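Have a look at the structure below, then the notes.
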Amino acid sequence: GGGDKVKGIGMANTEYQVEVVTREAVTIVGVYIDTNMNDSALACPRLWSEVFGPRMEEIPTFAGDSYGVSVMGSGDAFKYLAGLVHVPGQPIPKGMSTLDLPGGLYACCQLTGLPGLALVYKYFYHVWGPGSDYEFILDSPCYELYPANHMQTGRLSLYMPVRPKIEN
Numbered sequence: 179g180g181g182d183k184v185k186g187i188g189m190a191n192t193e194y195q196v197e198v199v200t201r202e203a204v205t206i207v208g209v210y211i212d213t214n215m216n217d218s219a220l221a222c223p224r225l226w227s228e229v230f231g232p233r234m235e236e237i238p239t240f241a242g243d244s245y246g247v248s249v250m251g252s253g254d255a256f257k258y259l260a261g262l263v264h265v266p267g268q269p270i271p272k273g274m275s276t277l278d279l280p281g282g283l284y285a286c287c288q289l290t291g292l293p294g295l296a297l298v299y300k301y302f303y304h305v306w307g308p309g310s311d312y313e314f315i316l317d318s319p320c321y322e323l324y325p326a327n328h329m330q331t332g333r334l335s336l337y338m339p340v341r342p343k344i345e346n
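Structure, rendered in structure tokens:
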């Protein structure tokens, strides 16, 4: 070893590639938890590993992309749904729920590895958002999209709903 350099994680020297894309509406089926900013670092991975992960094969699309959806509540509380694309007409497994993700404009950032996720959220809110021509739609869900090969590549994308800022 010896050749690996740890990249600095300070916000100042971290640049993320953000692009604004149009996404189609999609319905997700999966399992919800209620959590908050403080507990989510443990609660969300546990939902995947212990609750939803073992049941993914109950959903016909389990071999495809999976979604981690956050629906903001009051303060720093939010609902988090681990899920897969719901095929209309398919039964919803016991104990699972559906959630409609609206189509429209989303700011998208691709990253590799879950440890960087919290930093990307901070970057969106504190750096990209204030300097961009867009504002976040805070009452609309944001989501992590894990491609089918995520376990091999570590790659995922974060989608934040946005709309153009209105000049005063």
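Counting in the numbering used here, the final residue of the sequence shown is number 346, and the numbers go up one at a time with none missing.
Cβ atoms here follow ideal geometry from the backbone N, Cα and C, with glycine treated the same way.
Model, not experiment: these values are computed from the prediction.
Beta-bridge partners of residue i, as assigned by DSSP
i           : result
residue 204 : 279
residue 343 : The partner list for residue 343 (beta bridge, DSSP) is empty, contrary to what the question assumes.
residue 284 : 199 and 339
residue 254 : Answer is none; residue 254 lacks a bridge partner.
residue 260 : 209 and 246
residue 324 : 244
residue 290 : 333
residue 312 : 342
residue 214 : 255
Spatial neighbours of residue i in its chain, beta-carbon cut-off 6 Å, leaving aside the 5 residues before and after
i           : result
residue 306 : 196
residue 225 : 211 and 260
Proximity to residue i [Cα-Cα], best of the options
i           : options               : result
residue 274 : 263, 321 and 320      : 263
residue 308 : 215, 250 and 343      : 343
residue 323 : 254, 286 and 270      : 286
residue 228 : 215, 209, 237 and 213 : 209
residue 237 : 335, 266 and 321      : 266
residue 213 : 252, 239 and 330      : 252
residue 279 : 220, 240, 340 and 321 : 321
residue 289 : 257, 269 and 328      : 328
residue 216 : 311, 201 and 256      : 256
residue 337 : 293, 249 and 220      : 249
residue 220 : 318, 313, 293 and 330 : 293
residue 345 : 268, 304, 303 and 310 : 310
residue 295 : 239, 230 and 335      : 335
residue 246 : 312, 319 and 314      : 319
residue 239 : 222, 268, 254 and 223 : 268
residue 333 : 312, 313 and 291      : 291
Proximity of residue i and residue j at Cβ, strictly below 8 Å
i           : j           : result
residue 261 : residue 277 : yes
residue 198 : residue 340 : yes
Sequence-distant residues of its chain with Cβ nearer than 8 Å to residue i (five each side left out)
i           : result
residue 271 : 207, 233, 236 and 237
residue 218 : 256 and 258
residue 230 : 208, 209, 260 and 261
Contacting residues, own chain, Cβ-Cβ under 7 Å from residue i (five flanking each side not counted)
i           : result
residue 326 : 241, 242 and 243
residue 204 : 263 and 279
residue 281 : 201, 202 and 203
residue 315 : 339, 340 and 341
Any chain D beta carbon closer than 8 Å to residue i
i           : result
residue 276 : You won't find chain D in this structure, because it holds only one protein chain.
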